[in-house]
Amino acid sequence: MSETKKESMGMLALVLFLITFITALLLGFINQVTAPQIAKNKEATRAAAMAQLIPGAEFELAEVSEVPAPDKNTPAIQNIYEAVVDGETVGYCMEVLPSGFGGTLTVVVGVNLDGTIAGAQVTSHAETPGLGAKAQADPTWIPQFAGKPADGSLAVTKDGGDIVSITGATITSRAVTLAVNTAANYVLSLEG
Amino acid sequence: MKFKDRLHSAVLLDNPVFMQTIGLCPSLATTTSLSNAIGMGLAATVVLICSNIVISLLRKFIPEKVRIAAFITIIAGFVTIIDLSLQAFIPSLAASLGLFLPLIVVNCIILGRAEAYASKNKVLPSALDGVCMGIGFTFALILMGFFRELLGAGTILSGYVGADKLGIKIPFLYENPISMMILPAGGFLMMGFLLATIQYFMNKKKGDK
């Protein structure tokens, strides 16, 4: 008798509801605890990347009226910072989100106001370890962007430019190059 | 003694990946490097132990008809807790495991142990079962990850050791890596090689007796 009672429709729903309800409560609590720390970690990664791109500068959130809407050829831009040295703006840093081989990359790009690229840093990605992941892991690859002209003309060697691709990861290399170009074009549009 | 037997069985005779051939998706997808394999193995082991304990505790409370839904909710809850905690407190590991962490939810080893063992046994044996199966799974991932990274990238433990964190470089292989081994195709190949090797030794052992 008790078996049929336990297996009745209402009982099934009640048990399942209780389990999901308790799980949801628990997750809500954990999220409360970890969310500030996760935001802090992301902030710290970004700050560290920017400090490496334009050393000695202070970063202030730039007041920009409009960010170009992302489309097929221009990835999204977010978190635009002005780099200030001795009260003067020397450049901009921003996060650009191009599509790589394994999903969206987050690339922090620094652009100097003298028309050169300050550099780039990949802060998050889902690229293949050992191939595309070298964009972040291999410290010898990414510095080649520093000092290149910030006019949106950069391209990997396969496309006729002078950015040397990561071996076996042309798509990732193109994505980072596109991110740098997008940031450069954006800074040009700010000045223009 | 009993624990030793179970561990032996979970790691070798009844290894979830090599013998039962379950949980192949994470075994193929996350074993592109040794450090990823270790991270994935340990994360899955923690989820397996936690979910085995809770499911065993609730085994009399969960009705037969909705057990799968209940198991998945519990497993997904633990996975999310671990995902958020890693992102908050060990961000480097969370970054390298990335997408794969949430995918532990659909790892059939965890659901499989819940269904086959935890829902029918007491708490302590279920926890032990989680530990043993977790170690067996981690062992399989480490084997896969080690060989795939070695052949495909020419490094050992890249991302964690070495002056530039690129791992221990193996002279000839680092300059001429077999890149295919860290791509999906290489995962299937390595799985095949390992399965064949293990079967060979198993059969040889049987033949001796």
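For the record, the sequence lines run as chains R and Y.
Per the numbering used here, the first sequence starts with residue 43, numbered consecutively.
Per the numbering used here, the second sequence starts with residue 501, numbered consecutively.
A virtual CB, placed ideally from N, CA and C, is assigned to each residue, including glycine.
Owing to the predicted nature of the structure, the values given are computational and were not obtained by experimental measurement.
Would you mind telling me which residues of chain R sit closer than 9 Å to residue i, beta carbon to beta carbon, in chain order?
i	result
alanine 569 (chain Y)	Leu58, Ile61 and Thr62
serine 715 (chain Y)	Beyond the ends of chain Y as shown, which are 501 and 709, falls residue 715 (chain Y); an answer cannot be given.
serine 619 (chain Y)	Here the premise fails: no neighbours, minimum Cβ distance about 13 Å.
alanine 614 (chain Y)	Near alanine 614 (chain Y) there are no residues of chain R at all, since even the closest Cβ is about 13 Å away, more than 9 Å.
Give me, in chain order, the residues of the same chain whose beta-carbon lies closer than 6 Å to that of residue i; leave out the 5 immediate sequence neighbours on both sides.
i	result
glycine 194 (chain R)	Asn223, Ala226 and Asn227
arginine 559 (chain Y)	Ser619
glutamate 137 (chain R)	Gln120, Asn121, Thr148 and Val150
phenylalanine 143 (chain R)	Glu169, Gly174, Ile213 and Thr214
threonine 158 (chain R)	Gly189 and Ala192
histidine 508 (chain Y)	none
threonine 145 (chain R)	Note on identity: in this sequence residue 145 (chain R) is glycine, with threonine being the wrong assignment. Correct list, in chain order: Ala168.
isoleucine 522 (chain Y)	Pro516, Cys608, Ile609 and Gly612
leucine 758 (chain Y)	For chain Y, the structure presents residues 501 to 709; residue 758 (chain Y) sits outside this window and is missing.
methionine 43 (chain R)	The pLDDT assigned to methionine 43 (chain R) is 42, lower than 50, so where the model puts this residue is not dependable; a value taken from the coordinates is nonetheless given after this. Closer than 6 Å at Cβ, skipping near neighbours: no residue.
glycine 539 (chain Y)	Leu593 and Leu597
glutamine 163 (chain R)	Ala91 and Val150
valine 106 (chain R)	Ile122
proline 140 (chain R)	Pro117, Leu147, Ala217, Leu220 and Ala221
phenylalanine 672 (chain Y)	none
glycine 687 (chain Y)	Leu528
Leaving out the 5 sequence neighbours to the left and right, which residues in its chain are closer than 8 Å to residue i when beta-carbon positions are compared?
i	result
leucine 628 (chain Y)	Phe503 and Arg506
isoleucine 208 (chain R)	Leu173, Gly174, Lys176, Ala177, Asp180, Trp183, Thr214 and Ser215
valine 511 (chain Y)	Cys632, Ile635, Gly636 and Phe639
isoleucine 549 (chain Y)	Ala627, Gly630, Val631 and Gly634
valine 623 (chain Y)	Ile553, Ser556 and Leu557
methionine 501 (chain Y)	At methionine 501 (chain Y), the pLDDT of 49 sits below 50, so the modelled position is not reliable and the matter cannot be decided from this model.
aspartate 583 (chain Y)	Ala594, Leu601 and Pro602
leucine 524 (chain Y)	Val517 and Met691
Between the options, which has its C-alpha nearest residue i's C-alpha?
i	options	result
glycine 152 (chain R)	R:Ala111, R:Val229 and R:Pro78	R:Val229
isoleucine 635 (chain Y)	Y:Gly541, Y:Gly652 and Y:Ile678	Y:Gly541
glycine 52 (chain R)	Y:Pro563, Y:His508 and Y:Gly539	Y:Pro563
alanine 588 (chain Y)	R:Ala55, R:Ala81, R:Leu68 and R:Leu232	R:Ala81
methionine 681 (chain Y)	Y:Ile581, Y:Arg648, Y:Ser533 and Y:Ala529	Y:Arg648
aspartate 57 (chain R)	Y:Ile668, Y:Thr531, Y:Lys565 and Y:Leu601	Rather than aspartate, the amino acid found at residue 57 (chain R) in this sequence is valine. Cα-wise, what sits closest to valine 57 (chain R) is Y:Lys565.
leucine 103 (chain R)	R:Asp128, R:Ala118, R:Gly133 and R:Asn115	R:Gly133
proline 602 (chain Y)	Y:Ile590, Y:Ala616, Y:Leu586 and Y:Thr697	Y:Leu586
glutamine 520 (chain Y)	Y:Lys706, Y:Gln699, Y:Lys705 and Y:Lys704	Y:Gln699
serine 535 (chain Y)	Y:Asp583, Y:Leu657 and Y:Pro684	Y:Leu657
cysteine 135 (chain R)	R:Leu196, R:Gln94 and R:Pro78	R:Gln94
aspartate 204 (chain R)	R:Gly98, R:Gly210 and R:Leu196	R:Leu196
alanine 544 (chain Y)	Y:Arg567, Y:Ala569, Y:Ile581 and Y:Ile568	Y:Ile581
threonine 160 (chain R)	R:Pro97, R:Phe63, R:Glu233 and R:Lys114	Looking at the sequence itself, residue 160 (chain R) is alanine, so the reference to threonine does not match. Nearest option by C-alpha distance: R:Pro97.
glycine 210 (chain R)	Y:Ala653, Y:Phe701 and Y:Lys706	Y:Ala653
isoleucine 572 (chain Y)	R:Asp156, R:Pro78 and R:Thr62	R:Thr62
Can you pull the chain Y residues whose beta carbon is under 7 Å from the beta carbon of residue i, in chain order?
i	result
glycine 142 (chain R)	Within 7 Å Cβ-Cβ: nothing; glycine 142 (chain R) doesn't reach chain Y, min ~12 Å.
glycine 210 (chain R)	Ser679
Using the beta-carbon of each residue, which ones in chain Y are nearer than 9 Å to residue i?
i	result
serine 207 (chain R)	Ordered by position in chain Y, no residue passes the 9 Å Cβ test against serine 207 (chain R), which lies about 13 Å from the chain.
Starting from residue i, find everything on chain R with Cβ-Cβ shorter than 7 Å and list it in chain order.
i	result
phenylalanine 646 (chain Y)	By Cβ distance, chain R contributes nothing, its closest Cβ being about 13 Å from phenylalanine 646 (chain Y), past 7 Å.
proline 591 (chain Y)	Asn83
Identify, in the order they occur along the chain, each residue of the same chain with its Cβ nearer than 7 Å to the Cβ of residue i, setting aside the five sequence neighbours on each side.
i	result
valine 206 (chain R)	Gln186 and Thr199
serine 551 (chain Y)	Ile574, Ile575, Phe578, Ile610 and Ala614
valine 109 (chain R)	Ile119
Please compile the residues from chain Y whose C-beta is within a distance smaller than 8 Å of the C-beta of residue i.
i	result
alanine 221 (chain R)	Chain Y residues near alanine 221 (chain R): none, gap ~18 Å exceeds 8 Å.
threonine 65 (chain R)	Thr573, Ile574, Ala576 and Gly577
By the criterion of Cβ-Cβ separation under 8 Å, what are the contact partners of residue i in chain R?
i	result
alanine 595 (chain Y)	Ser166
isoleucine 562 (chain Y)	Val57 and Ile61
### Query
Is the region 642-659 of chain Y in contact with the region 597-615 of chain Y, if contact means three or more CB pairs nearer than 8 Å?
no
#### Entry: Residues from the region 148-159 of chain R in contact with chain Y, defined by Cβ distance under 8 Å
Those residues of the region 148-159 of chain R that come within reach of chain Y (Cβ to Cβ, closer than 8 Å) do not exist; the list is empty.
### Message
To be precise: take each residue of the region 68-80 of chain R, compare its Cβ to all Cβ atoms of chain Y, and keep it if any distance is under 9 Å. Which residues remain?
### Response
Leu68, Leu69, Ile72, Asn73, Val75, Thr76, Ala77, Pro78, Gln79 and Ile80
### Task
Check whether the region 674-686 of chain Y touches the region 576-583 of chain Y, counting contact only when three or more Cβ pairs, one atom from each stretch, lie closer than 8 Å.
no
### Message
Under 8 Å, with one C-beta from each stretch per pair, do the region 88-97 of chain R and the region 580-599 of chain Y reach the 3-pair mark?
### Response
no
### Message
For the region 572-586 of chain Y, list every residue whose C-beta sits within 8 Å of some C-beta in chain R, in sequence order.
### Response
Thr573, Ile574, Ala576, Gly577, Thr580, Ile581, Leu584 and Ser585
#### Entry: Residues, ordered as in the chain, of the region 519-548 of chain Y that lie near chain R by beta-carbon distance below 7 Å
Thr532, Ser533 and Asn536
### Task
Please name the residues in the region 670-688 of chain Y whose beta-carbon is closer than 8 Å to at least one beta-carbon of chain R, in chain order.
Hits within the stretch, in order: Pro677, Ser679, Ile682 and Leu683.
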